[in-house]
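Let me begin by presenting the structure, written as structure tokens, before commenting on it.
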Amino acid sequence: MKRGINSEEKCEIIAANSSDAAIMFSGALSSLALVLLGFIILLAASFFTSVFNFSPSNIMERGLFYFLFFIFAGTLIARLKKAEIIQDKKISYVYISLSLSMFFILLIETAKLSNANSPQIAVLLENLNFENESITSWSLISVAFLVLSFTMGNPLEVLWLNFYKMFLSLISSADYRKIYNKEHFYTQLKEIFYNAQRYQTSFSVAIFKLDNYSELKSHIGKRKLMNIHDELLDLLDSSIRKTDLSGFIEEGETYCVLLQATKSQAEMVNERILEKIKKIMSERYKDIAISLSSKTWGYSSEWKTVDDLIAEVTKNEENKPAVIRI
3 MKRGINSEEK CEIIAANSSD AAIMFSGALS SLALVLLGFI ILLAASFFTS VFNFSPSNIM
63 ERGLFYFLFF IFAGTLIARL KKAEIIQDKK ISYVYISLSL SMFFILLIET AKLSNANSPQ
123 IAVLLENLNF ENESITSWSL ISVAFLVLSF TMGNPLEVLW LNFYKMFLSL ISSADYRKIY
183 NKEHFYTQLK EIFYNAQRYQ TSFSVAIFKL DNYSELKSHI GKRKLMNIHD ELLDLLDSSI
243 RKTDLSGFIE EGETYCVLLQ ATKSQAEMVN ERILEKIKKI MSERYKDIAI SLSSKTWGYS
303 SEWKTVDDLI AEVTKNEENK PAVIRI
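Counting with our numbering, you get residues 3 to 328 for the letters of the sequence shown.
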């Protein structure tokens with residue numbers, strides 16, 4: 003089972019399972035961050051060159067409408083991004099929306115300069131080889147702005163998405179680990195169990211339990227504990243074959259490995275995994291006492307459903323074998 007989740011996959015899982023309120027609020031904040039970044043760039047440009055002669059008050063006065071526009075657009079773009087993920091669309095709604103927004107702003111600002119008889123319009127027309135404004139000149143200007151907008155759309159999309167991923171991960175209550183584990187681990191677990199029942203195949207189950215989970219949670223905090231959680235999953239996944247399966251049953255506490263092997267073979271694999279975990283985790287977390295217990299089960303015909311399997315392998319036992327303290 004593939005355990006590594008990149009930032010794009012993480013964002014997609016969270017976005018697809020978050021409330022519309024969290025999605026739209028994250029989108030609004032992302033657009034706000036983009037506007038503030040543009041504000042800083044304009045100030046810097048005004049400081050280093052006379053071409054952009056804007057003061058902070060002038061930028062705020064002229065940019066208030068666009069500020070509100072981008073905040074509103076951000077909520078819609080975030081909603082479209084969720085639809086894009088759910089519907090598995092190949093086209094990027096974010097790119098199109100941001101490009102059209104940029105085109106809209108350029109046209110409005112150019113029209114304002116034209117109404118004010120700004121010398122900048124005369125320079126623009128001269129560069130386009132037009133003496134006066136006309137339908138032809140405005141058509142050419144519009145095409146040029148459209149090309150420029152869709153060229154700028156890509157870096158704007160990258161910036162907006164980076165902000166969006168950051169804000170969404172902070173705001174959303176969706177647990178991407180549980181969602182990913184449910185979609186992949188439990189789906190494959192049911193398939194393996196079904197094949198064992200129908201085709202009389204066999205498999206073994208190894209359970210790894212973090213016995214001092216509550217103590218660790220209060221001592222090192224949830225965030226650091228989740229880092230350990232992710233590292234344990236990676237270690238389990240890297241210790242098994244592609245035909246085997248790894249995941250968790252209780253987040254941060256109970257981990258499971260399904261091996262296409264007999265119980266005796268699985269026990270040897272179990273010992274090897276424990277030694278690997280002990281070696282690596284003791285080097286990474288020298289000041290943290292981690293207590294990990296493990297046990298192996300062979301497939302039982304008494305398991306009628308996957309729930310029976312999970313209930314059997316996760317029930318508390320007085321004598322927990324193979325306990326290691328890291």
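We put the CB at the ideal spot given by N, CA and C, even for glycine.
Looking only at its chain, what residues have a beta carbon closer than 7 Å to the beta carbon of residue i, apart from the 5 residues adjacent to it on each side?
| i | result |
| --- | --- |
| N183 | G249 and F250 |
| G155 | Y97, L100, S101 and M104 |
| I312 | I251 |
| L260 | L191, I194, F205, V207, D246 and L247 |
| K12 | Y178 |
Which same chain residues, not among the five before or five after residue i, have their C-beta less than 6 Å away from its C-beta?
| i | result |
| --- | --- |
| D224 | Residue identity check: residue 224 is Lys in the sequence provided, not Asp. Closer than 6 Å at the Cβ level, and outside the excluded window around K224, lies no residue. |
| E320 | Its pLDDT being 45, under 50, E320 is placed unreliably in this model, and the value from its coordinates should be taken loosely. Result list for E320: empty, nothing under 6 Å. |
| A30 | I73, G76 and T77 |
| Y201 | none |
Just verifying my parser: in three-state terms, what is the DSSP assignment at residue i?
| i | result |
| --- | --- |
| I290 | coil |
| W305 | coil |
| T256 | strand |
| T153 | helix |
| Q202 | coil |
| A80 | helix |
| R243 | coil |
| N8 | coil |
| T316 | helix |
| T264 | coil |
| Q190 | helix |
| S28 | helix |
| S141 | helix |
| S175 | coil |
Using DSSP's beta-bridge definition, name the partner residues of residue i.
| i | result |
| --- | --- |
| I15 | Beta-bridge pairing links I15 to no other residue. |
| W299 | V207 |
| F250 | Y257 |
Starting from residue i, trace the beta strand (DSSP E) both ways and give me its first and last residue.
| i | result |
| --- | --- |
| A208 | S206 to L212 |
| S20 | Per DSSP, S20 belongs to no beta strand (DSSP E) and is neither H nor E. |
Can you list, in chain order, the residues of its chain whose CB lies under 8 Å from that of residue i, leaving out five sequence neighbours each side?
| i | result |
| --- | --- |
| Y68 | V37 and I107 |
Start and end of the alpha helix (DSSP H) containing residue i?
| i | result |
| --- | --- |
| S94 | Unbroken run through S94: none, as it is neither H nor E. |
| Y215 | Y215 to I222 |
| Y178 | Y178 to N183 |
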